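Below is one structure, written out as structure tokens; comments come after it.
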Amino acid sequence: MPGQDPSTNLALPSLPPELEELGEIALNLWWTWNPAGKNLFRLINPYLWKESGHNPIQLLKTLSAQELEALTKEERFMREYRYVRALFREYMNDKTIYSEEEPLPIAYFCAEFGLHHSVPIYSGGLGFLAGDILKEASDMGLPMVGVGFMYPEGYVRQVMSPDGWQQGASETIDKDTAPIERVLDEKGDHLVFQVPFIDPPVYASLWKLNVGRVSLYLLDTDIEQNDPWDRQISSHLYTPDMNQRLRQEIVLGIGGYRALEILGIKYSILHLNEGHPAFALFERIRSMIEEKKLSLDEAIERVRASSVFTTHTPLQAATDVYNFDMMSHYFGDYWKRLGMDKERFMSFGLNPDAPNAGFNMTVLGLKLCNQRNAVSQKHAEVTRQIWKNVLAQDEPGSPPIVGITNGVHLPTWLGDELRDRLDELLGERWLQLQEDPDLWSRVDELEDEEIWQLHYTYKVRMVNFIRERVRRKWSDEGIDPIVAMAEGVMLDPDVLTIGFARRMTAYKRPDLILHDLDRLEKIVNNYARPVQIIFAGKAHPADQTGKQILQRIFKTAQDRRFRGRIAFVEDYGEGTAKYLVRGCDVWLNNPQIPMEACGTSGMKAAINGTLHCSTLDGWWPEGYNGKNGWAFGGEISDDAKDAAALYDLLEKEIVPLYYTLDEHKRPAGWIAKMRESIRSVSPRFGSRRMMKEYLEKFYLPVSQRSRSWEN
Ligand SMILES: *Cc1c(COP(=O)(O)O)cnc(C)c1O
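The sequence shown begins at 1 in the UniProt record's numbering and counts up one residue at a time.
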């Protein structure tokens, strides 16, 4: 959908006429998944590029007018600039839509988006899924617009104390250097609007993030028109203060809905990613009643028929529930506008399993959307089970919950060198055909030598990145040497490396591998066949258990008996993830079954040949084929038994396979598995396959129905 609003980034320096479009390229995250785009900014000044944290706006801001002018005289740079400009124009103007039939426009709402580390408005997998969906929608030319939140204080910046306790430092996003634009009103000022139905009034401003051809609008309450308490509404992701959280979700759902109205952005399909933005469904009913003059029941029917709800949790307790008093406080007048009484209004969030607990946002999504999905096949079964009493109240003929397994955006997560090699091997059009498994049969032609060399390059890069970060902290902040040690200075690229990086939360069991330290010590310290383990991940600031697990990991990393072979990498985020998923040898995932709805970091690893070793949860029952990684642990999770199974697997299979070298000094058996991982996982767990399913199962059928109403 083209940006219909005037918007601007006031921070962008004025550029020489020869470089006019450089600003536009800098303000579009398209460059983040295009090697030529990345290379262009690196060429300006590799050192400053690194210093800017790979943020082109910040980079351009540090250059003086003379330096910018001088760029126009640099032939090599100008050649690249023209080349990238041509690619960018071609991409932006390409009108091809993936499907033969065009779906009607889709508005995609989510509380977080993981797109790039220069815009830290995510906490984990949910956000990266949402980010990858926007990127893929852009690549496919789908008419989609995103709605989310600008969190001025980002998520937590993680700083570890020497005793391993996570300190929550918050890092204020500098909105003037982030690659985002202000949405302006007709006078040219930053657009500010009142969020409807909140009393006393709350105001929000809007930012725009360009994700290729897709626009993402971010709501921001941190503006002077608001009282301090209201300014804080959008300051933190998933605030534990339930009143504030309710206000946040009102701003996201109802304010987000209003924002699209103000911008004049029309769409026919509303897609809610998880329950947080589900109040938008009520707004949709209200606008159908007030603008289309439908009766309440007709409006509900239409909203159901044209809205999509994706659930991401396998646990009722993990959904947002607001007590009825709090709900009445904010919605007391609102239900009257909808022509409902209190009882009917509350019934949409009433969970029959916990009728007194309050208003449940997931129940709201399930009750007001006919297009409902879980994020893996296993999760779909679990979802049908845990919500069976809600689903029993479905209108007759309501479609069941389907499973649409997540996928990852290949151009974002594949290493550039591997991608270049795939360009040669599979042909320039391979990204367009990526979900066809036949295309990938040619991966068998990748030679052992090149796979191993490429992987080793990524591994060295990862180790250098980790060491360099610690070096900086050591010299700039004077951190405790024991902290520096625990954070990875002793890592060795020649050692079998296991990675475990994701949110530090109890159900993911980050410390499972530490269950029996004596046994682990023997595995790690085998002199002929050593093993190292890299951990990374943040605990939610309010999650004490998560912080304790993290502390245990950090203390183990400091324990001399592991000889510096266990490391914890601080402040996990998109940037670090890219190094780790490519550079580790094994990607460990051991959630308590069935708590991992899908899990996507393992897909990012597997497409790069980093072998997934996981309990059979989330996507892995679909992804594992016996040759492309490992599965371990029981169907009923038991820490002691699962840890023992993992140690067995390491001792008997993983370590020997890695260290058994052929006559060329390469682990041929291991490399065969890497090849199989790339070949089997890439077509099935890329975001193209996923988006095709959303399109065919939801967007196109809804479009057909909506067209018949509109005619
Ligand atoms: C992909 C990703 C995640 C999701 O990880 P899971 O495997 O779902 O736990 C979390 N954080 C970052 C930075 C990611 O890139």
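All residues carry an ideal CB built from backbone N, CA and C; glycine is no exception. All of these numbers come straight from a predicted model, not from anything done at the bench.
Where are the alpha helix (DSSP H) runs, 4 residues long or more, that stay fully inside the region 554-592, in chain order?
As far as the region 554-592 is concerned, its whole alpha helix (DSSP H) runs of at least 4 residues are 574-583.
Use the C-beta contact count for residue 2: other C-beta atoms within 10 angstroms, 16 or more gives buried, fewer gives exposed.
Since pLDDT at residue 2 reaches only 38, below the 50 mark, its modelled position is unreliable, and the value read off the structure follows with that caveat. Around the beta carbon of residue 2, fewer than 16 other beta carbons sit within 10 angstroms, so the residue counts as exposed.
If you scan the region 596-672 from start to end, which runs of the alpha helix (DSSP H) of 4 or more residues do you find wholly inside it?
Listed in chain order, they are 601-606, 620-623, 639-649, 655-659.
Whole-angstrom Cβ separation of residue 754 and residue 682, contact assumed at under 8 Å?
No information on residue 754 is available, as it lies outside the stretch 1 to 711 that the chain covers here.
Report the three-state DSSP secondary structure of residue 341 (helix, strand or coil).
Here residue 341 sits in coil by DSSP.
Could you tell me whether the Cβ atoms of residue 25 and residue 84 are closer together than 8 Å?
Between residue 25 and residue 84, the gap from beta carbon to beta carbon is short of 8 Å.
What residues in its chain sit with their C-beta under 7 Å from that of residue 256, if we drop five residues either side in the sequence?
Hits under 7 Å: 109, 147, 219, 277, 280.
Buried or exposed, going by whether 16 or more other CB atoms sit within 10 Å of the CB of residue 333?
Classification of residue 333: exposed, given that the 10 Å Cβ count is below 16.
Nearest-angstrom Cα separation, counted from residue 479 out to residue 608
Cα-Cα distance, rounded: 34 Å.
Do residue 569 and residue 534 have their C-beta atoms within less than 8 Å of each other?
Residue 569 places its beta carbon less than 8 Å from that of residue 534.
Residues that residue 121 bridges to, as DSSP identifies them
DSSP lists 113 as partners of residue 121.
Between residue 724 and residue 668, what straight-line distance do the alpha-carbon atoms span, to the nearest angstrom?
For the chain, the structure presents residues 1 to 711; residue 724 sits outside this window and is missing.
What does the Cβ neighbour count give for residue 188, buried or exposed, with the cut at 16 atoms within 10 Å?
The residue in question, residue 188, is exposed, as its Cβ has fewer than 16 Cβ neighbours within 10 Å.
Three-state secondary structure (DSSP) of residue 716
Because the chain spans 1 through 711 in this model, residue 716 falls outside it and cannot be assessed.
Report the residue from 243, 516, 251 whose alpha carbon sits nearest the alpha carbon of residue 203.
For residue 203, the closest alpha carbon among the candidates 243, 516, 251 is that of 251.
Where residue 563 and residue 571 are concerned, what is the direct C-alpha to C-alpha distance, given to the nearest angstrom?
If you draw a straight line from the Cα of residue 563 to the Cα of residue 571, it is about 23 Å long.
Give, in chain order, every unbroken run of the alpha helix (DSSP H) that is at least 4 residues long and sits entirely within the region 483-542.
Listed in chain order, the complete alpha helix (DSSP H) runs (minimum 4 residues) inside the region 483-542 are 517-524.
Whole-angstrom distance between residue 348 and residue 309, CA atom to CA atom
Distance between the alpha carbons of residue 309 and residue 348: 14 Å.
If you run the structure through DSSP and keep just helix, strand and coil, what is residue 409?
Reduced to three states, the DSSP call for residue 409 is coil.
Could you compute how far the alpha carbon of residue 4 sits from the alpha carbon of residue 264?
Because residue 4 sits at a pLDDT of 49, beneath the cut-off of 50, its placement in the model cannot be relied upon, and the following sentence gives the value as read from the coordinates. Distance from the CA atom of residue 4 to the CA atom of residue 264, rounded to whole angstroms, is 8 Å.
Rounding to the nearest angstrom, what Cα-Cα distance links residue 312 and residue 406 in this structure?
Cα to Cα, the separation comes out at about 10 Å.
Here's the rule: buried if 16 or more other CB atoms are within 10 angstroms of the residue's CB, otherwise exposed. What is residue 360?
With a 10 Å radius around the Cβ and a threshold of 16 neighbouring Cβ atoms, residue 360 comes out buried.
Taking the alpha carbon of residue 437 as the point to measure from, which residue in 689, 642, 459 has its own alpha carbon closest?
Among 689, 642, 459, the Cα nearest to that of residue 437 belongs to 689.
Provide the residue span of the alpha helix (DSSP H) that contains residue 382, from first to last.
Run containing residue 382: 377-386, per the alpha helix (DSSP H) assignment.
Which two residues bound the contiguous alpha helix (DSSP H) that contains residue 79?
Looking at the DSSP string, the run of the alpha helix (DSSP H) that includes residue 79 is 75-93.
Contact under 8 Å by Cβ, residue 677 with residue 629:
Their beta carbons are under 8 Å apart, which means residue 677 touches residue 629 by this criterion.
Once DSSP output is grouped into helix, strand and coil, what is the label at residue 144?
Strand.
Buried or exposed, going by whether 16 or more other CB atoms sit within 10 Å of the CB of residue 561?
Counting C-beta atoms within 10 angstroms of its own C-beta, residue 561 has fewer than 16 neighbours from the protein chains shown and is therefore classed as exposed.
Helix, strand or coil for residue 458 per DSSP?
Under the three-state reduction of DSSP, residue 458 is assigned to helix.
Distance, residue 420 Cα to residue 735 Cα
The requested residue 735 does not occur in the structure, where the chain is confined to residues 1 to 711.
Exposed unless 16 or more other CB atoms sit within 10 angstroms - verdict on residue 577:
Classification of residue 577: buried, given that the 10 Å Cβ count is 16 or more.
Of the listed residues 100, 453, 122, nearest to residue 696 (C-alpha basis):
When only C-alpha atoms are compared, the closest one is 100.
With burial defined as no fewer than 16 other Cβ atoms inside 10 Å of the residue's Cβ, what is the status of residue 7: buried or exposed?
If you draw a 10 Å sphere on the C-beta of residue 7, you find 16 or more other C-beta atoms in it, and that means buried.
Complete alpha helix (DSSP H) runs within the region 193-276 (minimum length 4 residues, chain order):
Taking only runs of at least 4 residues, the alpha helix (DSSP H) segments lying wholly in the region 193-276 are 228-231, 242-250, 256-263.
Count Cβ pairs between the region 123-132 and the region 88-98 that sit closer than 8 Å; are there 3 or more?
Of all C-beta pairs linking the region 123-132 to the region 88-98, fewer than three are shorter than 8 Å, placing the two stretches out of contact.
Determine the extent of the alpha helix (DSSP H) in which residue 14 is found, giving its start and end residues.
Residue 14: not part of any alpha helix (DSSP H); DSSP gives it neither H nor E.
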